[in-house]
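Residue numbers (our numbering): 26 to 562. Just so it is clear, CB atoms sit at the ideal spot from N, CA and C, and this is done for glycine as well. Beneath this line is the structure, given in structure tokens, with notes to follow.
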């Protein structure tokens, strides 16, 4: 990225340039000027990304320069370096969209933080612009989705007689075939530079990282975004005669690094075995998927290799034995949650620490513990699904996790829910809980409420509660919470002189920009427009 410096004192300009060079940041010096008029000419010729400017300069001051430069290049970023600690200057600077107002003499660390923050923001914006452009150029989005569904059915053996150009192209010239499964964590939007409505943009960015990573190593193949699990991506590839298999590992490492660095998403990658014919792709995919699951056991953001020795085909009955079941039942009778939690941690830890363990053992453990809790709750006339959710939800969740810590957190939460529900089993039914929770939202909407916090407070399973809440009231928990907050916000906007950010804080949304976005989505206008329209009528 390029930067220029504006100041009427040469020694200060040189000092700033020297300080920036000392930071080691990826910035290229593109020129300097001693006043705003010369600065505008420099902006036209150098087209910098970042401008560092003084305020008091001859001919044209820094603020006027910024105002005019903004009309030429609206996305250029500015840092003001001023000797004046003047509120009016700072206020005008903010109005012009200046990112930082630094006082001379500028501290090295202060300058570094300002520049590094701008670089990160500009990189994110540039990356998003490129992705948006590619999305706009992709005219066959619907066809791609249909193709992904077809190839997903092929991989899962739901349909084997499929004609696809990618399969034919891969078969020509390649002598060995395999697949790589990339499993990413579920993304909650907004996510860094991605807005609430940009989920498809995230997926597109991820697809680009994967395909470019393998293409850079000269590996022929095609990518399938699973239509059954949106967090799963499968790269089916072939190697030509003489092509070293080590290039696949290099490509996978590049992909894993890119996903973490540019998208800030955790991921695990699993390899399948190699085969000399592409018609074994279903078998290869199964093993690759198992390898990706195994990577979760031994630390996130890993690349896991396929091995021919999978011990999961035996010992299914040994995950939670009869003695364990008796012990757990005794602790449940005594409502001894601490012992159940310690036992759960110990058993999960033992599986994770075994170098020969595989992910299916974790699945068996979680399912067996769920079934044990379910049986006990039903025997004690307690709404099991309200407390621990549905088994299908757990199975889906197990297929999406990318970090072992999530498993421990989820199972401990499950145990805590069971103990909490048993301790007050006579209080209310699951359906009555919904009325209580809705009343709780009405009185506590200013707090940072979430499905998780509600689940913990009322000893109910968040996912199951969410489903039943929407069935009963016709809107989700989040939609109801948002509507309560926005109704109160509208009342405060019309009846008080509180500042908009203060109103956001009063309804439980501290981020002023996010509050404005939610309000606009709800009422079709910004909080400021709403207030002005109300007072004008």
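* To do: Tell me where the alpha helix (DSSP H) around residue 502 begins and ends.
  => Residue numbering aside, residue 502 sits at position 477 when the chain shown is read from its first letter. From DSSP, the alpha helix (DSSP H) with residue 502 extends over 502-520.
Measuring CB atoms only, is the stretch 233-245 touching the stretch 258-272, in the sense that at least three cross pairs come out at less than 8 Å? yes
Measure from the alpha carbon of residue 102 to the alpha carbon of each residue in 82, 72, 108, 110, then state which is nearest. Locating residue 102 in the chain shown gives position 77, counting from the first residue. Cα-wise, what sits closest to residue 102 is 72.
- Query: Would you call residue 570 buried or exposed, if buried means 16 or more other Cβ atoms sit within 10 Å of its Cβ?
  - Reply: Residue 570 cannot be examined here, being either before or after the span of the chain that is shown, 26 to 562.
Inter-residue spacing [alpha-carbon to alpha-carbon] between residue 425 and residue 418 | Position 400 of the chain shown, counted from the start, is the residue given in the question as residue 425. Position 393 of the chain shown, counted from the start, is the residue given in the question as residue 418. Answer to the nearest angstrom: the Cα atoms are 11 Å apart.
*Under a three-way DSSP split, which group does residue 52 fall into?*
Taking the first residue of the chain shown as 1, we reach residue 52 at position 27. Residue state, collapsed to three classes: coil.
_With distance defined between alpha-carbon atoms, name the residue in 489, 409, 67 nearest to residue 443._
As a first step, residue 443 must be located in the chain shown, where it is residue number 418. The option with the nearest alpha carbon to residue 443 is 409.
| request: Only counting runs of 3 or more residues, tell me where the beta strand (DSSP E) segments fall wholly within the stretch 87-154, in order along the chain. | output: 102-107, 125-128
Problem set entry | Distance CB(residue 322)-CB(residue 382) smaller than 7 Å | Translated into positions along the chain shown, residue 322 becomes position 297. Translated into positions along the chain shown, residue 382 becomes position 357. Against a cut-off of 7 Å, the Cβ pair of residue 382 and residue 322 comes out as a contact.
query: Does DSSP put residue 261 in a helix, in a strand, or in coil?
result: Taking the chain shown and counting its residues from 1, the one referred to as residue 261 is at position 236. Reduced to three states, the DSSP call for residue 261 is strand.
What three-state label does DSSP hand residue 271 in the structure shown? Position 246 of the chain shown, counted from the first residue, corresponds to residue 271. Here residue 271 sits in helix by DSSP.
| request: Pick helix, strand or coil for residue 207, following the three-state DSSP scheme. | output: Along the chain shown, one-based indexing puts residue 207 at 182. Note: residue 207 maps to strand in three-state DSSP.
Measure the alpha-carbon distance for residue 88 versus residue 137 and round it to whole angstroms.
As a working mapping, residue 88 is identified with position 63 in the chain shown. As a working mapping, residue 137 is identified with position 112 in the chain shown. Cα to Cα, the separation comes out at about 23 Å.
### Task
Check the DSSP bridge columns for residue 57 and list the partner residues they point to.
On the chain shown, residue 57 is found 32 positions in, with the first residue counted as 1. Residue 57 is bridged to 30.
- Task: Within the same chain, show all residues whose beta-carbon is closer than 6 Å to that of residue 59, passing over the 5 residues directly before and after it, in chain order.
- Result: Walking along the chain shown from the start, residue 59 turns up at place 34. Only 33 meet the Cβ criterion.
Task: Member of 362, 107, 459 whose CA lies at the smallest distance from the CA of residue 497 - done: As a first step, residue 497 must be located in the chain shown, where it is residue number 472. Checking every option, the nearest Cα to that of residue 497 belongs to 459.
Can you find at least 3 beta carbon pairs, one from the stretch 197-214 and one from the stretch 245-261, that sit closer than 8 Å? yes
Pick from 61, 75, 67: whose alpha carbon is nearest that of residue 85? Translated into positions along the chain shown, residue 85 becomes position 60. Among 61, 75, 67, the Cα nearest to that of residue 85 is on 61.
- Message: Using a Cβ-Cβ cutoff of less than 6 Å, which residues in the same chain neighbour residue 109 once the five nearest sequence positions on both sides are dropped?
- Response: Looking up residue 109 in the chain shown gives position 84. Correct list: empty, nothing qualifies.
- Query: Is there at least one Cβ from chain C nearer than 7 Å to residue 84's Cβ?
  - Reply: The structure shown contains no chain C; it is built from a single protein chain.
Please state whether the Cβ-Cβ distance between residue 277 and residue 295 is less than 7 Å.
Locating residue 277 in the chain shown gives position 252, counting from the first residue. Locating residue 295 in the chain shown gives position 270, counting from the first residue. Contact flag unset, no.
Pairwise C-alpha distance: residue 371 and residue 393: Here the question's residue 393 lines up with position 368 in the chain shown. Here the question's residue 371 lines up with position 346 in the chain shown. Between residue 393 and residue 371, the C-alpha separation is close to 16 Å.
- Can you check the stretch 413-441 for any alpha helix (DSSP H) of at least 4 residues that lies completely inside it and give the ranges in chain order? 416-423
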